[in-house]
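Position one of the sequence shown corresponds to residue 296 (our numbering), numbered consecutively onward.
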Amino acid sequence: MSRRDRAGRTIDDAETELLDAMRESDLAVLDRLISDQLTFIGPDGAVLTKQADLEAHRTGATSFEKIDVLSREATEGDDGGRTKTVAIAVLRVGEGTVTVRLIWHREWRVIDGCWQVASGAVEAVADRAD
Numbered sequence: 296m297s298r299r300d301r302a303g304r305t306i307d308d309a310e311t312e313l314l315d316a317m318r319e320s321d322l323a324v325l326d327r328l329i330s331d332q333l334t335f336i337g338p339d340g341a342v343l344t345k346q347a348d349l350e351a352h353r354t355g356a357t358s359f360e361k362i363d364v365l366s367r368e369a370t371e372g373d374d375g376g377r378t379k380t381v382a383i384a385v386l387r388v389g390e391g392t393v394t395v396r397l398i399w400h401r402e403w404r405v406i407d408g409c410w411q412v413a414s415g416a417v418e419a420v421a422d423r424a425d
């Protein structure tokens with residue numbers, strides 16, 4: 296049985312809500328779903344904090360036009376849970392867009408009654424020829 300936070304969300308619900316907030320750069324939702332102690336590794340290996348992530352969305356440095364989920368896994372344990380989401384993302388860069396396949400790995404914890412991302416990483420991967 297999936298663990299629910301005080302709002303009744305499962306880890307899978309929280310991942311969906313986070314992806315929606317990323318698409319919209321919804322700072323209020325991102326603030327609620329990201330732990331204040333976040334440690335997140337970007338595709339370039341840089342370590343990001345919650346404040347840096349929110350600032351990137353606020354300024355448009357991180358701006359998604361689309362995030363099309365290809366697959367998603369969620370697992371739970373006694374200490375929280377993990378999600379792995381593979382998606383094709385379209386990012387706005389300057390006046391244009393870049394399309395890339397991304398894999399997000401997130402560690403979730405229920406903090407103050409709410410599922411929050413405590414740590415994670417995202418990697419860009421080249422599409423394979425079929």
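Note that CB positions come from ideal geometry on N, CA and C, so glycine has one too. Computed from a prediction, not measured in an experiment: that's the story for all the values here.
- Taking C-beta separations shorter than 6 Å and ignoring five residues to either side along the sequence, the partners of Ile362 in its chain run Leu314, Arg318, Ala382, Ala384, following chain order.
- For the pair Thr357 and Gly372, the Cα-to-Cα distance works out to about 31 Å.
- Contact annotation: Thr354 and Glu368 have beta-carbon atoms that are not nearer than 8 Å.
- Non-local C-beta neighbours of Arg299 in its own chain, meaning closer than 7 Å and more than five positions away in sequence, comprise Thr305, ordered along the chain.
- With respect to the C-alpha of Arg327, the residue from Gly408, Glu418, Phe359, Pro338 having the closest C-alpha is Gly408.
- Beta-bridge annotation (DSSP): Leu343 is paired with Phe335.
- Within the same chain, Leu333, Thr334, Phe335, Glu402 come within 7 Å of Ser414 by CB-CB distance, once the 5 residues on both sides are set aside.
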